[in-house]
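Below: one structure, written as structure tokens.
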Amino acid sequence: MLGNKALPDFGCLRGVKVVHATSNIAGPFGAELLAEHGADVLWLENARSPDPSRLSGRRFFQTERQNQRTMALDLPSEQGREIFARIIREADIFIENSKGGQYEKWGLTDEVLWQINPRLIIAHLSGFGETGLKEYVERPSYDAIAQAFGGYIDLNSNGVTAPYAAPATADYVAGLFQVVGILAALHRVKQSGVGESVDVAMYECIMKVQCDQGNYFTDKEPVARVGYPYWVAGWTCLPCKDGEYIQLCLTGTGVLKKAIPFFGLEYGSAEFPEGISGMQIAKPNGRKFSDAIAAYLLTKTVDEAEKEMITAGLPVSKVNTLADIEHDPHVLARETLDEWEAFNGEKIKSVGPVPKFRNNPGRHWRAAPLFGMDNDEVLAELGYSAEEIAAFYTSRTIARQSEPRTRKRSIEV
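In our numbering, the protein residues as written are 27 to 439.
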């Protein structure tokens, strides 16, 4: 029977079996989130072509593939499909992030997988989804393509410099939506006993998280790009006298009751009446409020301004770097960062499980696996003999890495 005997008993997802055939960031990130909360996760990596992230030299390979076993499998091959069928028969969830329609081309449609396991949750993640126009569905896509097609890069353009794709934003957003879909399906399948297929299109995910998209689609109201002031006065990021920036979010009745007098303006006046909940930056009172904020900040360092405004009960934060965050006392108190040893002996430090649970906390218990390191163990659990496993290596149905790579060696490859 398929099951990781070394898996500690922890988390809200204990007992849930997840299989994923994914690469890069979006797909693996969703699977890793499930693994952080106790799911038994098996990663099916392409035996013919290891995940490009292994050779990227970037740490996200280590941070987004913890708590799971791996098998390097030539899935489209005849023997690979046979092994895959045995794996899927015992799984609760299967995740893949190929181009739309790829598994159908391999003869592994949702219907075929449900014949093997009627309760299976199948999560497809791709740039353009599984349905729609064929010429879109089959387009290759990456994070920045989803950002470009979904209008997100346009938000990060100012009309002067080239539009900018913030690295991996669509990947991580799509990974989160993937997990939402999987958990919703898991709840329903437990009630109905009938499997579900989740179709995650990355461009739709990045459209969904644009807060003003409804304004455009309904009213054709232009959406503010980067570098342009937000329409709410007091919702802004401005420099202090030391050149460091601070973010202010001064809106709402309770906040403005404190903020207006803090900046030397008269709360309860005709311009700033009692109960005021917000101001538009284009209106006279909004401009006056904004000017008062800017003038105040130019008399203070960022640390002085942050301390004074927080003491006054205003929602603000200086713009931190990762170096600032690493040693912040609150971050240390919550144990936000985690450190562990990779299989190549390197020490890795990154953000730990999120969110935090009181009764069933998540944890990191295993580093990202080496290429094909769990092949033999998994195949033995599926009932294959040592001779059959050896034959799979000979036929290159499975593969494995001979030794761990360091980050330096990965970059050099």
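Even for Gly, the Cβ is constructed at its ideal location relative to N, Cα and C. In this text, all values refer to a predicted model and were calculated from it rather than measured experimentally.
Is Leu209 helix, strand or coil when you go by DSSP? helix
What three-state label does DSSP hand Asn311 in the structure shown? helix
Any chance the CB of Ala416 is under 6 Å from a heavy atom of the ligand ATP? Ligands are entirely absent from the displayed structure, and the ligand ATP is therefore not among its contents.
List the whole-angstrom C-beta distance separating Ile319 from Gly260, where the pair is believed to meet the contact cut-off of C-beta under 8 Å. 7 Å
Would you call Asp35 buried or exposed, if buried means 16 or more other Cβ atoms sit within 10 Å of its Cβ? exposed
Assign Phe376 to one of three DSSP states: helix, strand, or coil. At residue 376 the sequence reads Ser, which differs from the Phe that was named. Here Ser376 sits in strand by DSSP.
Quick check on this structure: which residue in Phe369, Tyr162, Ser421 has the alpha carbon closest to the alpha carbon of Arg95? Phe369
Taking the alpha carbon of Glu372 as the reference point, which residue from Lys283, Asp317, Pro379, Thr89 has its own alpha carbon closest? Thr89
Counting Cβ pairs closer than 8 Å, one from the stretch 50-59 and one from the stretch 400-411, do we hit at least three? no
Inspect the CB distances between the stretch 99-108 and the stretch 68-78 and report whether three or more fall short of 8 Å. yes
Excluding the 5 residues flanking Ala285 on each side, which residues of the same chain have their C-beta closer than 7 Å to its C-beta? Gly260, Leu276, Leu340
Report the residue ranges of all beta strand (DSSP E) runs contained in full by the stretch 65-145; include only those spanning at least 3 residues, in chain order. 66-72, 94-99, 119-122
What would DSSP say about Lys43, mapped onto helix, strand or coil? strand
Short of 6 Å in beta carbon distance, which residues of its chain neighbour Gly450, apart from the five on each side in sequence? Order them along the chain. This structure gives no information on residue 450, because the portion of the chain shown stretches from 27 to 439.
In whole angstroms, give me the CA-to-CA distance for Lys131 and Ser124. 11 Å
Assign Val205 to buried or exposed, taking buried as 16 or more other Cβ atoms, counted over all protein chains shown, within 10 Å of its Cβ. buried
Between which two residues does the alpha helix (DSSP H) holding Thr244 run? 239-245
State the CB to CB distance for the pair Ser223 and Asp136, rounded to an integer number of angstroms; the pair is presumed to be in contact (CB under 8 Å). 5 Å
From Asp118 to Arg214, what distance separates their C-alpha atoms? 12 Å
Please give me, in chain order, every unbroken run of the beta strand (DSSP E) with length at least 3 that falls completely inside the stretch 244-303. 261-265, 271-275
Going by the beta-carbon positions, is the gap between Gly127 and Glu104 smaller than 7 Å? no
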